[in-house]
Amino acid sequence: MCVLLWLKSRKIMIRRVAYYSFHVSELVYLIQMKKEFKQFKPSEYRLKDLSQSTDDLSYCYEALKKVSRSFAVVIQQLPEELKNPVCLFYLILRGLDTIEDDMNIDNAVKKEMLLSFADRINEEEFNLENVGDTQDYRDLMLHFDKVIREYQKLGPQYKDVITEITREMAIGMNKYAHETVESYEDWDDYCYYVAGLVGIGLSRLFLASELETSVKLSDKNLSNEMGLFLQKTNIIRDFAEDLEQGRIFWPEESWKNKARTLEELQADEKSGLAALNEVVLNAFEHVPACLEFLECLTNQQVFRFCAIPQLMAVATLKELYNNPLVLHQNVKIRKGKTAKYFIAIQDYNSTKKEFISVLESLEKIDRTGKIKSILAKIKK
Numbered sequence: 238m239c240v241l242l243w244l245k246s247r248k249i250m251i252r253r254v255a256y257y258s259f260h261v262s263e264l265v266y267l268i269q270m271k272k273e274f275k276q277f278k279p280s281e282y283r284l285k286d287l288s289q290s291t292d293d294l295s296y297c298y299e300a301l302k303k304v305s306r307s308f309a310v311v312i313q314q315l316p317e318e319l320k321n322p323v324c325l326f327y328l329i330l331r332g333l334d335t336i337e338d339d340m341n342i343d344n345a346v347k348k349e350m351l352l353s354f355a356d357r358i359n360e361e362e363f364n365l366e367n368v369g370d371t372q373d374y375r376d377l378m379l380h381f382d383k384v385i386r387e388y389q390k391l392g393p394q395y396k397d398v399i400t401e402i403t404r405e406m407a408i409g410m411n412k413y414a415h416e417t418v419e420s421y422e423d424w425d426d427y428c429y430y431v432a433g434l435v436g437i438g439l440s441r442l443f444l445a446s447e448l449e450t451s452v453k454l455s456d457k458n459l460s461n462e463m464g465l466f467l468q469k470t471n472i473i474r475d476f477a478e479d480l481e482q483g484r485i486f487w488p489e490e491s492w493k494n495k496a497r498t499l500e501e502l503q504a505d506e507k508s509g510l511a512a513l514n515e516v517v518l519n520a521f522e523h524v525p526a527c528l529e530f531l532e533c534l535t536n537q538q539v540f541r542f543c544a545i546p547q548l549m550a551v552a553t554l555k556e557l558y559n560n561p562l563v564l565h566q567n568v569k570i571r572k573g574k575t576a577k578y579f580i581a582i583q584d585y586n587s588t589k590k591e592f593i594s595v596l597e598s599l600e601k602i603d604r605t606g607k608i609k610s611i612l613a614k615i616k617k
């Protein structure tokens, strides 16, 4: 067994060396990113322990590293004025999401917890015991009062946004606890509640800070599509993991005419790839709106905060398209590619160029003509 593990690790190492010998720039970006973002490594201590040894604000940022290290890094791109509001916005929505994802909570109890959440974040000592499907999430909810105390220190222009978005998201989560995502229209609606609202909320926080002033940020449709693009990418990528846990968020319209069950879809590569490519192309349809949103941003730090996740999503979709591995495991983009986006992307033109590059590489193999149509829209 030890020999087999050694051989496997050696093969992986050889592949990495071979890859980076032809992609030296990505290796340079990777080294630079690891150096710059070393401080954002999650603490080795549990949140339960950190709750006793850190002040409330420090705890919030440590909690963010635990539940989403990637977002903890991206948030550092923001101006100081926005870091705390966005961090707390994320943690509060993560708290709501933790309730939704906990399959051990009785449905009637879960409904009450979701629909009362927006009111309870105004209770200074609000926390929940034994809620969450991982230890980090359970610890976060057990000490949620530390998040709430920091949230209550925010200005009303930020608190009002967070409360309103939290309330509407809870309504949507409760709705889809009892409904199936059948059509692509349902998929858009579901993704609106769990991610589009995040995009809308962030736009409102940007405007509230007065660091961004474009009237386009008040266009809910643009902000919604930013969220839909990211959420659909995650849903597509997580197919195998979600199926293993007995849940699925691909719209039935994408696969019901190809297989009787999702397990059958997973086993039949031809049908599985047909459904996969269909949902990937649907996600790509949000690209023109995403670029229109990014183009209106004037603060470079806000721009990078928004652009980096979008670039990672478009690169991820490229890896997912027509990839049979998606049916059986989580497929991710290379760390070197992620590092490139964090370090090298600084403006709209370089971002748009990267989007076009990805789409042009897929245009050659897309027989539906959808990629060609999307390219035509963004090249105008």
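Just so we're aligned, residue 238 is where the sequence shown starts under our numbering, counting upward by one. A virtual CB, placed ideally from N, CA and C, is assigned to each residue, including glycine.
Per DSSP, the continuous alpha helix (DSSP H) segment holding LYS574 begins and ends at 572-581. Inter-residue distance for PRO488 and GLU478 is about 16 Å (C-alpha atoms, whole angstroms). Under the three-state reduction of DSSP, CYS527 is assigned to helix. Taking the Cα of CYS324 as reference, the smallest distance to any Cα among VAL384, GLU405, PHE521, ASN364 is reached at VAL384. DSSP places ALA550 within a helical segment (H, G or I) once states are collapsed to three. When secondary structure is reduced to three states using DSSP, ASN411 falls in the helix class. Buried is the label assigned to SER446, since at least 16 other Cβ atoms lie within 10 Å of its Cβ.
In terms of Cα proximity to GLU591, the closest of VAL551, GLY392, ASP603, LYS469 is VAL551.
Distance from the CA of GLU506 to the CA of MET410, rounded to the nearest whole angstrom, comes to 32 Å.
Around the C-beta of VAL517, 16 or more other C-beta atoms lie within 10 Å, and the residue is accordingly described as buried. Residues of the same chain with a CB within less than 7 Å of the CB of LEU328, apart from the 5 flanking positions on each side, are CYS297, ALA300, LEU301, VAL384 in chain order.
DSSP places GLU449 outside both helix and strand once states are collapsed to three, so it counts as coil. A Cβ-Cβ contact shorter than 8 Å links TYR585 with GLU532. For PRO393, the three-state secondary structure derived from DSSP is helix.
Membership of GLY369 in any alpha helix (DSSP H) is not indicated, and neither H nor E is assigned to it by DSSP. Burial check for ASN461: the Cβ neighbour count within 10 Å reaches 16 or more, so the residue is buried. Around the beta carbon of GLN566, a 10 Å sphere encloses fewer than 16 other beta carbons of the protein chains shown; the residue is thus reported as exposed.
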